[in-house]
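Report on the structure given below.
There are 2 protein chains.
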Amino acid sequence: MTAQKATPPADGGGRGRRPGGRTARVRAQVLDAVRAELAENGHGELTMEGVATRAGVHRATVYRRWRDVGGLLADVIDAAGEMDWHPPDTGSLRGDLTALNEEIQESLTVRPSFAVALMAASYHSEQAAEAQTRLWEDRYGQCEAVVARAAERGELRGDTDARALLIAATAPVYHQLVLLRGAPDPGLPERAAGAAVLAAAGGAFGAEKRTEGRQESRTPRKNPAHPPKGMRVN
Amino acid sequence: MTAQKATPPADGGGRGRRPGGRTARVRAQVLDAVRAELAENGHGELTMEGVATRAGVHRATVYRRWRDVGGLLADVIDAAGEMDWHPPDTGSLRGDLTALNEEIQESLTVRPSFAVALMAASYHSEQAAEAQTRLWEDRYGQCEAVVARAAERGELRGDTDARALLIAATAPVYHQLVLLRGAPDPGLPERAAGAAVLAAAGGAFGAEKRTEGRQESRTPRKNPAHPPKGMRVN
DNA sequence: ATCTTAACGCTACAGTTGTCGCACTAACCG
DNA sequence: CGGTTAGTGCGACAACTGTAGCGTTAAGAT
């Protein structure tokens, strides 16, 4: 899980670069230090100096390559996005969404939570926010396969808006744990999934059924799961 | 909107206090300064010194009464909670939830957003987080009246879990705008509200069906086994 | 009006944060 | 194997942050 394949952050020109050997080692040490600090103290205690010290690297190096705490987090987020992840496949839509929600709930419940730390960080760094958005987009894009499978099984109308259904199913879990900061409810993942499935069965996410709106192209972008490549020049 | 009745923060003993005159004036100046700073620069630029300067008050004073930025935000949040607010009452459940979602969407869309700033701050101060939780609890508690009215009108089963329904209806809006940071979708408030109402009509938020729960609906059946008493979905 | 003292203003100060210049190490190239 | 230089370590430094002590102001009580 060391993940040193990500694009080196905060790099001026792409000409005579030198990414091997020591540079890669330093990056791995720093990112590991960030993860360790997050796991120990949470995002509140994450500081440039602490990371540098733990990584056995000089402060100035961390400041140079990653500009600030947000840069560090952005790199960690991108690294997380490179891990291959697959949505659950239990055989039924409701089962998939429930399993997905349980996975989400667990990731948000473990203290200190990685996911929460990343969300918090994304508020203080535009760079981290962009990385966060890329990660969301990637994950939700993959989850559309869940809806596609359900449609193939005949569990859904063909015109169901996959993204809308996924958000309806998962949003309550995030809302409850991240924004409301409520205690984790063991039944919530299934209830939220069930509610979304019911709404979908009723046609709530039909692309054409809605009132007169049918608001066409809800998402501003048409290319899912592509952006996280070599597109970050600080 | 000045609101100087809130609990004076960061106060050791409660005996020989002196909350009138100058003290109240200083508090009002500081809180106004915080709001102004948030409105101008967003939460990222909010600093103790900046607030003190804008308020025309000395730094040490701000540090003494409000311990840190989180303390300032907590006080602002509490002040916001003192404004009397009432959930919409349009005559139908779906209309109420849609109006509520539109209100939420607007509060999250205005740049810079107060609400977003407060959420961001709640990640960095336990004090602000608690104030935030109080505010959420208050608002959702009031919104339960919306569900109660709908139940009286016969739009809902009597055993509907009001809180679960409200969260299902509003969570997608928050999720889309706060966590996913997507562009505001004019149709989302109504779609999310409609989906929640549909799910409620299907019995997804029945108070007694915790944990397990007779799920006929994982197959493409459109009709639940128990037809709700009066299910008109507007 | 007078007294008491909570709360504020001010200054000084220690600690922290981020930057800069320079020396040095070690990738990459031939 | 040496040469070039990207990348790192190091130390010094300015700017910022938060705290403490002390004098001053004015709120509340008599």
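Protein sequences, first through last, are from chains X and F.
With the working numbering applied, the first sequence has no gaps in its numbers, which climb one by one up to 234 at the end.
With the working numbering applied, the second sequence has no gaps in its numbers, which climb one by one up to 468 at the end.
From the three backbone atoms N, C-alpha and C, an ideal C-beta is built for every residue, glycine too.
Residue of the options minimising C-alpha distance to residue i
i, options, result
"Leu334 of chain F", "F:Ala438, F:Ala308, F:Ala426", "F:Ala426"
"Ala441 of chain F", "X:Gly187, X:Leu198, X:Ala196", "X:Gly187"
"Ala164 of chain X", "F:Arg397, F:Asp395, F:Ala402", "F:Ala402"
"Val173 of chain X", "X:Ala195, X:Gln29, X:Arg64, X:Glu45", "X:Ala195"
"Arg383 of chain F", "F:Thr257, F:Arg298, F:Pro321", "F:Pro321"
"Asp138 of chain X", "X:Gly21, X:Trp85, X:Arg65", "X:Trp85"
"Thr281 of chain F", "F:Val268, F:Val291, F:Gly290, F:Ser356", "F:Val268"
"Ala273 of chain F", "F:Gly254, F:Pro346, F:Arg259", "F:Pro346"
"Arg391 of chain F", "F:Val412, F:Asp419, F:Val431", "F:Val431"
"Asp323 of chain F", "F:Arg298, F:Ala308, F:Glu378", "F:Glu378"
"Val178 of chain X", "F:Pro418, F:Gly416, F:Ala417, F:Ala405", "F:Ala405"
"Leu414 of chain F", "F:Val350, F:Ala355, F:Glu283, F:Glu386", "F:Val350"
"Phe348 of chain F", "F:His277, F:Gln263, F:Thr287, F:Glu316", "F:His277"
"Gly56 of chain X", "X:Gln29, X:Leu135, X:Leu166, X:Trp136", "X:Gln29"
"Asp68 of chain X", "X:Trp136, X:Asn41, X:Gln127, X:Glu45", "X:Gln127"
"Glu82 of chain X", "X:Val147, X:Thr61, X:Trp136", "X:Trp136"
"Glu279 of chain F", "F:Arg261, F:Thr295, F:Ala355", "F:Ala355"
"Tyr63 of chain X", "X:Arg54, X:Glu49, X:Ala74", "X:Glu49"
Buried or exposed (CB count within 10 angstroms, at least 16 for buried), residue i
i, result
"Arg293 of chain F", "exposed"
"Val51 of chain X", "buried"
"Met119 of chain X", "buried"
"Glu446 of chain F", "Caution applies to Glu446 of chain F, whose pLDDT of 42 falls short of 50 and renders its modelled position unreliable; the value that the coordinates give is listed next. Label assigned to Glu446 of chain F: exposed."
"Leu97 of chain X", "buried"
"His358 of chain F", "buried"
"Pro423 of chain F", "buried"
"Arg94 of chain X", "buried"
"Glu37 of chain X", "buried"
"Thr235 of chain X", "As shown, chain X starts at 1 and ends at 234. That puts residue 235 of chain X outside it, with no answer to give."
"Gly20 of chain X", "exposed"
"Arg256 of chain F", "exposed"
"Asp393 of chain F", "exposed"
"Arg259 of chain F", "exposed"
"Gln376 of chain F", "exposed"
"Gly305 of chain F", "buried"
"Gly325 of chain F", "exposed"
"His175 of chain X", "buried"
"Ala162 of chain X", "buried"
"Ala183 of chain X", "exposed"
"Glu389 of chain F", "buried"
"Arg444 of chain F", "Model confidence at Arg444 of chain F stands at a pLDDT of 45, short of 50, so the residue's coordinates are unreliable and nothing is read from them."
"Arg251 of chain F", "exposed"
"Arg153 of chain X", "exposed"
"Pro299 of chain F", "With the sequence shown as reference, residue 299 of chain F is identified as Arg, and Pro is not the correct amino acid for it. Burial call: buried."
"Arg27 of chain X", "buried"
Residues bridged to residue i [DSSP beta-bridge criterion]
i, result
"Gly440 of chain F", "F:Thr394"
Take every Cβ of the region 428–439 of chain F, pair it with every Cβ of the region 337–345 of chain F, and state whether three or more of those distances are shorter than 8 Å.
Short answer: they don't touch.
Members of the region 167–181 of chain X near chain F, C-beta cut-off 8 Å:
Ile167, Ala168, Thr170, Ala171, Pro172, Tyr174, His175, Gln176, Val178, Leu179, Leu180, Arg181
Would you call the region 60–78 of chain X and the region 125–136 of chain X touching, i.e. three or more CB-CB distances under 8 Å?
yes
What are the residues of the region 182–210 of chain X that lie near chain F, defined by any Cβ-Cβ distance shorter than 9 Å?
For the region 182–210 of chain X, which is checked against every Cβ of chain F, the residues closer than 9 Å are Gly182, Pro186, Gly187, Leu188, Glu190, Arg191, Ala192, Gly194, Ala195, Ala196, Val197, Leu198, Ala199, Ala200, Ala201, Gly202, Gly203, Ala204, Phe205, Arg210.
Would you list, in chain order, the members of the region 34–54 of chain X that have their beta-carbon closer than 8 Å to a beta-carbon of chain F?
His43, Gly44
Residues within the region 353–366 of chain F neighbouring chain X, beta-carbon criterion of under 7 Å
Met353, Ala354, Tyr357, His358, Ala363
Interface residues of the region 317–337 of chain F facing chain X [CB-CB below 8 Å]:
none
Using a beta-carbon distance cut-off of less than 8 Å, what residues from the region 387–401 of chain F approach chain X?
Ala398, Ile401
Listed from N- to C-terminal order along the chain, which residues in the region 368–387 of chain F have their beta-carbon within a distance smaller than 9 Å of any beta-carbon of chain X?
Trp370, Glu371, Tyr374
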